[in-house]
Amino acid sequence: MSEQQSTLSVESHNADALQKAANTTERAHRLIVGVDDDTGSGIAGRLIKHTGSHPGKYNPPVALSTHIINAMIAGSTTYIYDRIVRDGESIDIEKLRLLIGALALHDANKIVQALYDPPFDTDQNTEDVIDYYFDQGDVLGVQQILPGEKQSEQKRDRMDLKWLIQRTETNDQRRGTRMESTPRARSLERYCRIGDGLVSKVGVDGIGSGADWLSKFFSDEKGHVHLLEFTEIEQPILNDHLIATVKQVIEKGVSAGQQDIPTQGVVLGSSPSGVLYLGSPIDRDALKHVVEDHVMKRITDMHDFSAKTNWNAFEYDILSEIDIPFDDKRETIAEGYAETLRQGSGTDHEFENIPDNFKSTLPELAKLVFRDQNYEDAFADYPAMENLWQQIIEGDEYNAFSRKIGFIAELLRHWEGSVQDAADADTVRDELTDFAEDHREGLKEDLTPDSEAGSVIVSRFFGELETDISTPSGGEMCFLCGRAASREFKKGNNAFYKTNSFSKRVAPEEAYKRICPVCNLEHALLRDAVEDHDYSVGPDIEIAFVYYDEFIGNLSVGTGGTPNRLVRSLLSPDDSEEGTDRLTNPDLVASSFEAQYHLQPLYIDSENTRLRSVRELLEEVVSAGFKVVLGKPFTRFKPQDALFVDFNSTRRQTAFGADRVESYQELQRVCRLFDILRTVAESSDYSGGRELISIPEDSFVPIADLVARESAAPMSVREQAHKHFLENPHHDQYMQMRNVAQEGIDLYGHEYDSRHKKTKIFRLAVDATLDGLNRGMEVDELQEHVAGQIYKTAQEDAGFAKTEQATAFTEALFEYLKVNDSFDKASLSQRRNTLANTYLFAYDRLLSEYHADDEGKDESNKEPA
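Everything in the sequence shown is counted per the working numbering, starting at 26 for the first residue and increasing by one.
Below, the structure is given as structure tokens:
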């Protein structure tokens, strides 16, 4: 880096003050998540646990927990920056605690609505609402973070808290609090408004509008609010690393050559294409050079790379495309072939221990025998190696396919001295060591990338457009992104797309598709992520992008560990720490805010498996405040105006409404549907990989039919289905069938035992209707015919039937059949059994309601003791 690039700032604020602000911000964020916090509050985790499945904003939807946590981050960070950088003073820890508490409850009315059933209006943050929240037990732990210890101090805290909460909204809702404000509270009002207002503005209008809005609070000075905007690249893992690197440079500082670049400010938050921060203005070109120097180090520190080191083939793969130290590449190749030798692949020899000195020769040796065309000529300068090669060719221990790995295995045996027919051990060791040194430069040349992927992705990220915008031909085009590519895509079975699978960009007669350096690097990163989750790379892998929102607050706690630990523990409970509540674990919560989005691989090989994965994502992840976008590998991640989106949904999934979930009300509906199907399956024969495909769509008839057919299903599932019908578009159809069942009860009475008796009148009516339709009866005649048939049977069985009851039952049945397109011979004949089951469901529900009413009357009629 040049001397001009050793500093990023155009005009720097006080460097010591910026560093102090960054350190203090981390301290505040530890209070928010409860890391190293003796109060035991952990407000962020409690918010996620209790309000993650409730709306904070509706358009676009975002979890209440996400909105509040982002507001706490923005408000507290701005307060710290103002006090330390702008005012040159220290923060007041009591004020900071009060501010965090007020922002945690700035939507107290929504929290109370979500968690309780209060006996009063909760449209506003009135004193009654706030008092009611604390009276219910303070589930978020707000009292623990407030500064007061004595009763008088706690009373003052509560008064200031109410005053701030009611003044957080930018429209200044003051109703309900008549108390006088304190200087402490008045000094924090600005930051409560900033916390809620910034996050709300960004959520509705984007990060750019949020930056403009925030600048108005700094109108007396210039150069404090900054938005760095970038071009989001097509490769989501690489884009996430780039955003993280920029944030690290701003808030942590970096080492650049012989000089250290200090902290540039405090980050408020980020989106996939921008970083919003308070601090010194940064020279964009200088930042680009720093990011280019550090992003690849971040990538190599967080991911493992490998070459294709098979017993019968050797491909450099990503190692020839990525700009990492040559020694690291050699070590990767050496360990790869050492493992091949340990396993005995392609030979009859397995090696438990491989000497380090021999291992260090494997990269050059593998390059010669597997990749070079004139490898036999190269042995002329190494007599022992040449002699051993001739023995292998002339012998019968190895065939034409295994002789190369056999040659390496025999060299190891001679190196160890276990055999000495070609040469003694010392000679082999000397020759092989010399050979590796002589051929190292050729290996280094092979592993030096023609175009460094790191510099390419940084240039695209910083918005530098290519001057050549011509479209490459199909044979020279990356099959993933469409850019120019020369490298053949040779991944074998260890790939998300098969080497010879169809691609629109490659003609059928061509042998290989092409992949560009950037997509090849993304492929390696994605493969590492998948294998880290103990999945095998293959075409059945899909990727769930899990994120809180397009904009996330910068929770700079830095607990270490991988950022996706919380998401992973939600989907794989066995991976979580034993005895802890995952959603309130401070370390897990803190790490979940470190990445812009998390990648969760899923193995999906059937429709039922897909629906299982969707159900788990909705119940465990989306209900914990996250959003999810599900797609095939290399799907470009774009935040959606929905809680859940599946780009590869099936027809049944769409009919369930589980392809795109746009609100928390829809989330509850879909989760309840899955719960009904799963509960029924546990008592039926649908549990063998078919439990979620037992019905074709989410509607009254198939659900009621399924539940009624499974007589062993618990009563709770019938209650769930009843609630499901009432709260969703199935309401009318369900109520119509309840009318039919009610008329059936009036006509025939209560039947509690036999399914046959419960549905006897209904089945008789359907059969009589079919008979009349077959005989060509008009509606009036048909109605009289059916009513006569069922009246006769009801009178014979029950003895109290009336003709008007039989007529009412028939009218209700005909109305249902007409409205639901079943009043014809074909439909009625086909749906006869299904209709009987839906009638049975409604009938049983009415009986349970009558039974509950009778029990209630009995309880009320009891004499007091």
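In this text, a Cβ means the ideal position worked out from N, Cα and C, and glycines have one as well.
- Query: Relative to the ligand ADP, is the shortest distance from any of its heavy atoms to the C-beta of Ala88 smaller than 8 Å?
  - Reply: This structure lacks the ligand ADP; in fact it carries no ligand of any kind.
- Item | Alpha carbon of Lys45 to alpha carbon of Thr102, nearest angstrom | Computed Cα separation, rounded: 12 Å.
- Is the beta carbon of Gly656 less than 9 Å from the beta carbon of Phe672? With contacts defined as CB atoms closer than 9 Å, Gly656 and Phe672 qualify as a contacting pair.
- Message: Check whether the region 856-873 and the region 815-833 are in contact - that is, three or more C-beta pairs closer than 8 Å.
- Response: Touching, no.
- Could you have a look at Cys696 and say whether DSSP puts it in helix, strand or coil? Note: Cys696 maps to helix in three-state DSSP.
- Task: Give the C-beta separation of Leu865 and Lys783 to the nearest angstrom, bearing in mind that I take them to be a contact with Cβ-Cβ under 8 Å.
- Result: Right, their Cβ atoms sit about 6 Å apart.
- With Pro626 as the anchor, note down where its beta strand (DSSP E) starts and where it stops. Looking at the DSSP string, the run of the beta strand (DSSP E) that includes Pro626 is His623 to Tyr628.
- Message: So, for Pro533: in the same chain, excluding its five sequence neighbours on each side, which residues have a beta-carbon less than 6 Å away from its beta-carbon?
- Response: The predicted position of Pro533 is uncertain, since its pLDDT is 44 and thus under 50; a value taken from the coordinates is nonetheless stated next. Closer than 6 Å at the Cβ level, and outside the excluded window around Pro533, lies no residue.
- Message: So, with DSSP's three-state summary, where would you put Tyr216?
- Response: DSSP places Tyr216 in the helix class (H, G or I) of the three-state scheme.
- Query: Tyr841 lies in the alpha helix (DSSP H); which residues open and close that run?
  - Reply: Thr828 to Val844 is the extent of the alpha helix (DSSP H) around Tyr841.
- Message: For Leu655, report the span of its beta strand (DSSP E) as first-last.
- Response: Counting along the chain, the beta strand (DSSP E) containing Leu655 begins and ends at Lys652 to Gly656.
- From the DSSP output, which residues share a beta bridge with Phe659? For Phe659, which the question treats as bridged, DSSP gives no partner whatsoever.
- Contacting residues, own chain, Cβ-Cβ under 6 Å from Met321 (five flanking each side not counted): Here the set comprises Asp348 and Gly479.
- Note down, in chain order, each residue of its chain lying with its Cβ closer than 8 Å to the Cβ of Glu645, except the 5 sequence neighbours on either side. Same-chain partners within the cutoff: Leu595 and Leu596.
- Message: Helix, strand or coil for Gly162? Go by DSSP, reduced to three states.
- Response: Here Gly162 sits in coil by DSSP.
- Item | Where Asn3 falls, given that 16 or more other Cβ within 10 Å makes a residue buried | Residue 3 falls outside the range modelled here, since the chain spans only 26 to 890, and no answer is possible.
- Task: Could you please give the first and the last residue of the uninterrupted beta strand (DSSP E) stretch that includes Tyr83?
- Result: From DSSP, the beta strand (DSSP E) with Tyr83 extends over Pro80 to Tyr83.
- Between the C-alpha atoms of Gly369 and Phe460, what's the straight-line distance to the nearest angstrom? Straight-line spacing of the CA atoms in Gly369 and Phe460 works out to 24 Å.
- Query: Are Gln814 and Ala790 touching if we call contact CB-CB under 9 Å?
  - Reply: Their beta carbons are under 9 Å apart, which means Gln814 touches Ala790 by this criterion.
- Nearest to Leu189 (by Cα), restricted to the options Pro208, Glu174 and Gly173: The shortest C-alpha separation from Leu189 is found at Pro208.
- Message: Determine whether the beta carbon atoms of Val614 and Gly67 lie at a separation below 9 Å.
- Response: Yes, Cβ-Cβ distance for Val614 and Gly67 is below 9 Å.
- Message: Cutting at 6 Å between CB atoms, please list the residues of its own chain near Asn764, excluding the five before and the five after it.
- Response: Counting only Cβ-Cβ distances below 6 Å, and skipping sequence neighbours, we find Ala837.
- By DSSP, does Ser484 sit in helix, in strand, or in coil? Correct three-state label for Ser484: helix.
- Task: Whole angstroms is fine: what's the gap from Lys392's alpha carbon to Trp414's?
- Result: Going from the Cα of Lys392 to the Cα of Trp414 covers about 16 Å.
- Does the region 248-257 touch the region 504-523, meaning 3 or more C-beta pairs lie closer than 8 Å? Counting C-beta pairs with one atom in each stretch, the region 504-523 and the region 248-257 have fewer than three that are closer than 8 Å, which means they do not touch.
- Which two residues bound the contiguous alpha helix (DSSP H) that contains Gly126? Its alpha helix (DSSP H) spans residues Ile118 to Ala129.
- Message: I'd like the span of the beta strand (DSSP E) that includes Gly801, first residue to last.
- Response: Secondary structure note for Gly801: it is in no beta strand (DSSP E), with a DSSP letter that is neither H nor E.
- Item | Uninterrupted alpha helix (DSSP H) stretches inside the region 752-802 (no shorter than 4 residues) | Runs of the alpha helix (DSSP H) spanning 4 or more residues and lying entirely within the region 752-802 occur at 756-773, 780-783 and 785-799, in chain order.
- Query: For Arg607, is the classification buried or exposed, using 16 other Cβ atoms within 10 angstroms of its Cβ as the cut-off for buried?
  - Reply: Here Arg607 is buried: its Cβ has 16 or more other Cβ atoms, across all protein chains shown, within 10 Å.
- Nearest-angstrom Cβ-Cβ length linking Gly304 and Gly578, presumed shorter than 8 Å: Rounded, the Cβ-Cβ distance is 16 Å, inconsistent with contact.
- Determine the extent of the alpha helix (DSSP H) in which Ser594 is found, giving its start and end residues. Taken as a continuous stretch (DSSP letters only), the alpha helix (DSSP H) holding Ser594 covers Arg590 to Leu596.
- Query: How would you write the range of the beta strand (DSSP E) that Glu567 sits in, first residue to last?
  - Reply: Secondary structure note for Glu567: its beta strand (DSSP E) is the uninterrupted segment Ile566 to Tyr572.
- Give the single residue among Ala434, Asn337 and Thr458 whose Cα lies nearest to the Cα of Ala425. When only C-alpha atoms are compared, the closest one is Asn337.
- Query: Using a C-beta cutoff of 9 Å, does Arg539 count as contacting chain B?
  - Reply: Within the model displayed, chain B is absent; a lone protein chain is all it includes.
- Decide if the region 737-756 is in contact with the region 786-806; the criterion is three or more beta carbon pairs, one per stretch, under 8 Å apart. Remark: fewer than three beta-carbon pairs, one from each stretch, lie closer than 8 Å, so the region 737-756 and the region 786-806 are not flagged as touching.
- Query: Nearest CA to the CA of Gln445: which residue from Thr473, Met410, Leu472 and Pro474?
  - Reply: Here the closest residue by C-alpha is Met410.
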